[in-house]
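Engineer:
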Amino acid sequence: MNEQRNLIFAVILSALILFGWSFVAEQYFPTANEPSTKVVDGKQVPATQTAPSAGTAAAIRNRDLVLRETPRVRVETPRLQGSINLKGARIDDLVLVTHGEHLVTDSAPIRILSPAGAPDANFASFGWTGEGVALPGPETVWTASSDRLAPGTPLTLSWSNPQGQVFQIRLSVDDGYMFDVQQNVANRGGGAVAVKPYSLISRVGESKDPDSWTIHTGPIGVFGGKANYDVDFSTLREDGDQRFTSNGGWLGFTDKYWLTALVPAQDAGVEAAFRAGTNNSYQADLTTAPGIVAPGKAVSYQSRLFAGAKEVALLDRYEKDLGIRQFDKAIDWGWFYWFERPIYSVLHWLFEMIGNFGFAIMGLTLLVRLIMFPIAQKQFASMAAMRVVQPKMKALQERYKDDKAKMQQEILKLYQAEKVNPMAGCLPIVIQIPIFYALYKVLLLSVEMRHQPFVLWIKDLSAPDPLTPVNLFGLLPFTPPSIIAIGILPILVGFTSWLQFKLNPAPTDPVQKQVFSIMPWAFIFIMAPFAAGLQLYWVTNNVLTILQQKWLYSRHPGMKAAVDA
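Per the numbering used here, residue 19 is the first one in the sequence shown, and the count goes up by one each step.
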């Protein structure tokens, strides 16, 4: 009867783990990028990935046609290529030349900005509002000082109205992703004018990366010295405009890896807003106090535009050198920022030393195990010691089964006499949880790990292991559903977990025994959707744990005998 009950319990527990975890993970723990490769006829080939375009089908036209319809000047930097639209003075055509869309050598680069009317429209614009003065607008065609913007080669856009006001936008760009924007107004007319500079980012469509409990995508900003992750696209649709006042800071839109952001002068008071428009469009904008321009005088306003990848070194550089407050918070590190940044720094340092992100992850795992070595030794010793005192505990439980208080007192005395700490075995697991979560976040958010290969069939450590025996490693002509598309690394996670549990003392409680017998195999399904880099960490950690246990038992044979007893 007991065996039947335990079997039923095991089946129910397995179902809860498999289906319950899938639900929880989908809601709170984004697992990995889409697979970059797939296996067909036993050969690994790039996976074809297509993303739906934003906006209504009728409004979308071929991007090349849209770009050819307007006068433009080129943008060329080591990381960016594209053009600036002279009609409306819009920065609306940029690609990231060092980041490809897919994992193939001839992949198109990631597009970060796109003109209005084209797929995934996303652009930045700079201008002025005012009363009683003719102002440049979306249809204004500006005059450019040259046909190219590049590092060390600035560009000035100019336009004059009939009343004698001259408007200029002076643009410069660095070797990263930062544009410097200086908006100037010179008054050559007969009377004073009031103008108010603004800057905006407009986009059509929401982020293709899901917004979740562990990663924020969508509107983002720093206001009053504090990062704000509370506004998302649904907030704008349901609650309307979101307005902020701030001294400096920044705001924009973020995806998992990419960011477009407006950065005002950090000593300037600004009014910021996120807005939702028609046809699934959204806007982030900044304005400052209006300025009065007397005849013969000029005023200027300085701001910046970031459009690129959220590379940690660059974000840190801009925060330090340009004084942009909390610019590194463009990456949603979450509550454990203080712990995740050191994990990232060590991992990236190892990558630079070794040259392979997979081996860097293994090196990080080894460092963690070395730091935790003394604690793990105590854990193993405590587990074996607990096994030794199990018969005495059973005797006490039987003797005082009708007096729970007395039983607890006697068991506590037994622990003290035998110098056993029943919680010692839990400490390494408790310590491991924040390390595992920090690594999960680092591997999930780091654009530096995107499309990084390991060895053999692991071509992208930020995506799940693509090789699965379910379809005989691609020899069978079908793609298994994700819940059973179990790769080689998740299988190794389960197998090494099983070996690790075999080396530990078996629980005396039958329910606990069932749980521990199921968990190693449940890990296979739990870990299957996660990034291969995280799976590699777990396998490496399990192997090192097994080796440490084996070494400990070789030095203390009596401890191994206690475990086997």
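In this text, a Cβ means the ideal position worked out from N, Cα and C, and glycines have one as well.
When DSSP builds the beta bridges, which residues end up paired with Gln-301?
Structural biologist: Residue pairing by DSSP puts Gln-301 in a beta bridge opposite Ser-220 and Arg-293.
Engineer: Tell me whether Pro-498, by its Cβ, gets closer than 8 Å to a heavy atom of the ligand SAH.
Structural biologist: Judged by which ligands are present, the structure shown has none, so any question about the ligand SAH falls away.
Engineer: Taking Cβ positions, are Phe-271 and Ala-302 nearer each other than 9 Å?
Structural biologist: yes
Engineer: By Cβ distance, which residues of its chain are closer than 6 Å to His-234, with the 5 residues on each side in sequence left out?
Structural biologist: Tyr-247 and Asp-350
Engineer: Return the CA-CA distance between Ile-542 and Ile-504, expressed in angstroms with no decimal places.
Structural biologist: In this structure, the CA atom of Ile-542 is about 7 Å from the CA atom of Ile-504.
Engineer: Using C-beta distances below 7 Å, list every residue in its chain close to Ser-32, excluding the 5 sequence neighbours before and after it, in chain order.
Structural biologist: At Ser-32, the pLDDT of 49 sits below 50, so the modelled position is not reliable; the number obtained from the coordinates is stated separately. Only Ile-536 and Ala-540 meet the Cβ criterion.
Engineer: With distance defined between alpha-carbon atoms, name the residue in Met-196, Ser-132 and Thr-158 nearest to Arg-81.
Structural biologist: Ser-132
Engineer: Tell me where the alpha helix (DSSP H) around Val-511 begins and ends.
Structural biologist: 506 to 521
Engineer: Taking its Cβ as the centre, do 16 or more other Cβ atoms sit within 10 Å of Glu-466, making it buried, or is it exposed?
Structural biologist: buried
Engineer: Per DSSP, which residues does Phe-141 bridge with? Please list them.
Structural biologist: Ser-220
Engineer: What does Glu-428 pair with, by DSSP beta-bridge criteria?
Structural biologist: For Glu-428, which the question treats as bridged, DSSP gives no partner whatsoever.
Engineer: Please go through the region 245 to 288 and give each complete alpha helix (DSSP H) segment of 4 or more residues, from N-terminal end onward.
Structural biologist: 251 to 257
Engineer: How should Ser-464 be labelled, buried or exposed, when 16 other C-beta atoms within 10 angstroms of its C-beta is the threshold for buried?
Structural biologist: buried
Engineer: Can you tell me whether Thr-563 is buried or exposed? The criterion is at least 16 other CB atoms within 10 Å of its CB, across all chains shown.
Structural biologist: Classification of Thr-563: buried, given that the 10 Å Cβ count is 16 or more.
Engineer: Taking only runs of the beta strand (DSSP E) that begin and end inside the region 140 to 217, which ones reach a length of at least 3 residues, in chain order?
Structural biologist: Here the runs fully enclosed are 140 to 149, 173 to 178, 183 to 191 and 196 to 205.
Engineer: By how many angstroms is the C-alpha of Ser-363 removed from the C-alpha of Phe-377?
Structural biologist: Looking at the backbone, the Cα of Phe-377 and that of Ser-363 are separated by about 15 Å.
Engineer: Tell me the residue span of the beta strand (DSSP E) that contains Ala-327.
Structural biologist: 316 to 327
Engineer: Assuming Glu-94 is part of the alpha helix (DSSP H), what are its boundary residues?
Structural biologist: Element bounds for Glu-94: not the alpha helix (DSSP H) but the beta strand (DSSP E), 90 to 94.
Engineer: I need the boundaries of the beta strand (DSSP E) containing His-117, first residue and last residue.
Structural biologist: 108 to 118
Engineer: Contact check, Gly-267 vs Phe-241 under 8 Å by CB: the rounded distance?
Structural biologist: 5 Å
Engineer: When we look at the beta-carbon of Gly-381 and count the other beta-carbons within 10 Å, is it buried (16 or more) or exposed?
Structural biologist: With 16 or more Cβ atoms within 10 Å of its Cβ, Gly-381 is classed as buried.
Engineer: Is Leu-304 closer than 9 Å to Leu-218 when the C-beta atoms are compared?
Structural biologist: The criterion of a C-beta distance shorter than 9 Å is satisfied by Leu-218 and Leu-304.
Engineer: By Cβ distance, which residues of its chain are closer than 8 Å to Leu-269, with the 5 residues on each side in sequence left out?
Structural biologist: Pro-237, Ile-238, Gly-239, Val-240, Phe-241, Phe-262, Ala-279, Leu-280, Ala-290, Phe-292, Ala-302 and Leu-304
Engineer: In this structure, what does DSSP give as the bridge partners for Ile-238?
Structural biologist: Paired residues: Gly-270.
Engineer: Would the region 342 to 361 and the region 126 to 146 be scored as touching if the rule is three or more Cβ pairs under 8 Å?
Structural biologist: no
Engineer: What are the residues that DSSP puts in a beta bridge with Gly-135?
Structural biologist: DSSP output for Gly-135 lists no bridge partner at all.
Engineer: Roughly how many angstroms separate the alpha carbons of Asn-205 and Glu-149, rounded to a whole number?
Structural biologist: 14 Å
Engineer: By DSSP, does Ile-130 sit in helix, in strand, or in coil?
Structural biologist: strand
Engineer: Run the CB neighbour count on Phe-249, radius 10 Å, all protein chains shown included, and call it buried at 16 or more, exposed below.
Structural biologist: The sequence shown places Val at residue 249, not Phe. Classification for Val-249: buried.
Engineer: So, is Ser-252 buried or exposed, given that buried needs 16 or more other C-beta atoms within 10 angstroms?
Structural biologist: exposed
Engineer: Mapping the DSSP letters down to three states, classify Asn-80 as helix, strand or coil.
Structural biologist: coil
Engineer: Anyone know if the C-beta pair for Thr-147 and Leu-153 falls short of 9 Å?
Structural biologist: yes
Engineer: Expressed to the nearest angstrom, what Euclidean distance is found between the alpha-carbon atoms of Gln-518 and Pro-508?
Structural biologist: 15 Å
Engineer: Quick one: Cα of Ala-546 to Cα of Pro-482, how far?
Structural biologist: 7 Å
Engineer: Among all the DSSP beta bridges, which residues are the ones paired with Leu-98?
Structural biologist: Leu-114
Engineer: Skipping 5 residues on each side, what residues in its chain have a beta carbon closer than 7 Å to that of Gln-200?
Structural biologist: Arg-188, Ser-318 and Gln-320
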